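For the sequence shown, the UniProt record's numbering begins at 262 and goes up steadily by one.
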Amino acid sequence: GAAELGPYRHYMQKEIFEQPRALADTLEGVEGFAPSLFGPGAEATLRQIDRVLILACGTSYYAGSTARYWLEALAGVPTSVEVASEYRYRDSVPDPRTLVVTISQSGETADTLAALKHARSLGMPHSLTVCNVATSAMVRECELAYLTRAGVEIGVASTKAFTTQLAGLFLLTLTLAKLRGRLDAPAEAAHLRALRHLPAALQAVLALEPQLIAWAEQFAAKEHALFLGRGLHYPVALEGALKLKEISYIHAEAYPAGELKHGPLALVTAAMPVVAVAPNDALLEKLKSNLQEVRARGGELFVCADADTQISPSAGVHIIRLPEHYGPLSPILHTLPLQLLAYHTACARGTDVDKPRNLAKSVTVE
Ligand code: G6P
């Protein structure tokens, strides 16, 4: 009801603004990266496994796609990620020393549950879920769990569930890193500080809303949009494109920026805005040359940069700056502007933001 919405127009907007609180709740009580975060007896299992297979659908799949970069880079664990509805029907090669990780807001998505059971039937007994509903089928089915505390999510387009899933997956990454001797005490302390500061960092990103409202006014008149990212931020671009599709009905796709010249550059005109996720990381210089390719074809750029990113606005280049660069947790921060862009674009187009046509909050049948 209206009372629950408070000052917000839609549940989606409320849930976007709840993220500092949702992340704080999800990380409450985390004082280090210990297997016990994932349940009693987790240490024995986490010591046995030597690879990770992530299975999920929709937005949860993009959380998993982000985690793959973390798990390989920080924990040194070979990781694959697959859409659950593909994995469950594919002939694949099982490895019994795999940790099967399912990610699900609801814990009831039929394809993800079936994919988990399929993996088990192939001889992979070890499973862990990152899930938002403690009483769900997924939590019952999995040996280990990290429960996100996003709270009830009503908007069909997932927002706070995604960023809390990322937090849970980061904890899994660092726990595996520590077990494997890849996390010394100073690094652990630095990561803990970054996690504790995350709610305040997210609050500062949410303060960019007026600038995203201005961007959304321009997007509302378009029928296509392209999202670019590289590395850890490629899944963020995918999630940004998904949000825009789901609620504004604008056709959007995401590409890893290095693939631009292998196809999507042919689509670039002034009629297709290009959103670039451009944090101040090691890939920034590469990304900037991709962006020049877009500009040279008359494409209009909307760049999400960090405070100290060396990039300046000019004709056809719009820039918003996140307050600080956030290292490996940067995907959590860079997701928020894209949520706000999709949300305000949908509002400007007058769509049914919380209940987009043809979509359901939780897909419990195949
Ligand atoms: C539906 C929802 C999405 C969600 C996906 C997976 O498509 O509309 O927002 O990401 O299901 O749901 P789950 O509950 O498994 O995360």
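Just so you know, even glycine gets a beta-carbon here, dropped at the ideal spot from N, CA and C. The structure presented is a predicted model; accordingly, all values stated were derived computationally and were not measured.
State the Cα-Cα distance for the pair residue i and residue j, rounded to the nearest angstrom.
i, j, result
"Ser374", "Ser367", "It is worth fixing the name first, because residue 374 is Leu in this sequence and not Ser. Using only the alpha carbons, I get a separation of about 11 Å."
"Pro589", "Glu343", "22 Å"
"Glu292", "Gln553", "44 Å"
"Val536", "Ser382", "42 Å"
"His595", "Ile310", "31 Å"
"Ala504", "Leu298", "The residue asked about is misnamed: residue 504 is Lys in this sequence, not Ala. Cα to Cα, the separation comes out at about 30 Å."
"Ala527", "Arg558", "9 Å"
"Phe278", "Phe423", "13 Å"
"Leu583", "Glu265", "29 Å"
"Ala296", "Gln464", "For clarity, residue 296 is Pro in the given sequence; the question names Ala instead. Approximately 30 Å, taken between the alpha carbons."
"Leu314", "Tyr510", "32 Å"
"Gly267", "Asp352", "50 Å"
"Ala486", "Arg329", "26 Å"
"Pro496", "Leu489", "10 Å"
"Cys318", "Val394", "16 Å"
"Tyr322", "Ala498", "13 Å"
"Ala468", "Leu545", "24 Å"
"Asp542", "Gly290", "30 Å"
"Leu548", "Ala324", "22 Å"
"Val624", "Glu369", "7 Å"
"Gly337", "Ala607", "40 Å"
"Arg491", "Leu332", "17 Å"
"Leu432", "Phe294", "6 Å"
"Ala568", "Ala515", "24 Å"
"Gly429", "Ser365", "12 Å"
"Thr327", "Thr320", "11 Å"
"residue 628", "Ala481", "Any question about residue 628 goes unanswered here, given that the chain covers just 262 to 627."
"Gly384", "Val413", "34 Å"
"Ala576", "Ala518", "21 Å"
Under the DSSP definition of a beta bridge, which residues are partnered with residue i?
i, result
"Leu583", "Asp567"
"Thr359", "Arg312"
"Tyr516", "Leu489"
"Ser623", "Its beta-bridge partners do not exist; DSSP assigns none."
"Tyr322", "Paired residues: none, contrary to the question."
"Leu562", "Val535, Val578"
Which whole-angstrom value is the C-beta distance of residue i and residue j, which I expect to be below 8 Å?
i, j, result
"Thr434", "Leu335", "5 Å"
"Glu404", "Thr306", "6 Å"
"Ala371", "Glu561", "With a Cβ gap of about 40 Å, Ala371 and Glu561 do not count as contacting."
"Glu507", "Pro617", "5 Å"
"Leu408", "Val361", "About 18 Å separates the two Cβ atoms, so there is no contact after all."
"Leu473", "Pro598", "6 Å"
"Leu601", "Glu478", "Contact doesn't hold; Cβ gap of about 13 Å is too wide."
"Ala411", "Ala621", "Incorrect: roughly 18 Å between the Cβ atoms, too far for contact."
For residue i, name the three-state secondary structure that DSSP assigns.
i, result
"Cys392", "strand"
"Ile364", "strand"
"residue 714", "Lying before the first or after the last residue shown, residue 714 is absent from the chain, which here runs from 262 to 627."
"Leu408", "strand"
"Ala317", "strand"
"Thr287", "helix"
"Leu601", "helix"
"Thr340", "strand"
"Gly416", "coil"
"Pro617", "coil"
"Gly300", "coil"
"Pro525", "helix"
"Ala295", "coil"
"Thr530", "coil"
"Arg329", "helix"
"His387", "coil"
"Thr370", "coil"
"Arg443", "coil"
"Gly267", "coil"
"Thr612", "coil"
"Ser353", "coil"
If I follow the unbroken alpha helix (DSSP H) through residue i, where does it start and stop?
i, result
"Thr425", "421-440"
"Ala465", "446-467"
"Ser346", "345-348"
"Ala502", "495-509"
"Ala398", "398-402"
"Ser550", "545-557"
"Pro471", "470-480"
"Ile572", "Segment: none, Ile572 is in no alpha helix (DSSP H) and carries neither H nor E."
"Phe278", "272-278"
Would you kindly report the start and end of the unbroken beta strand (DSSP E) that includes residue i?
i, result
"Val536", "535-539"
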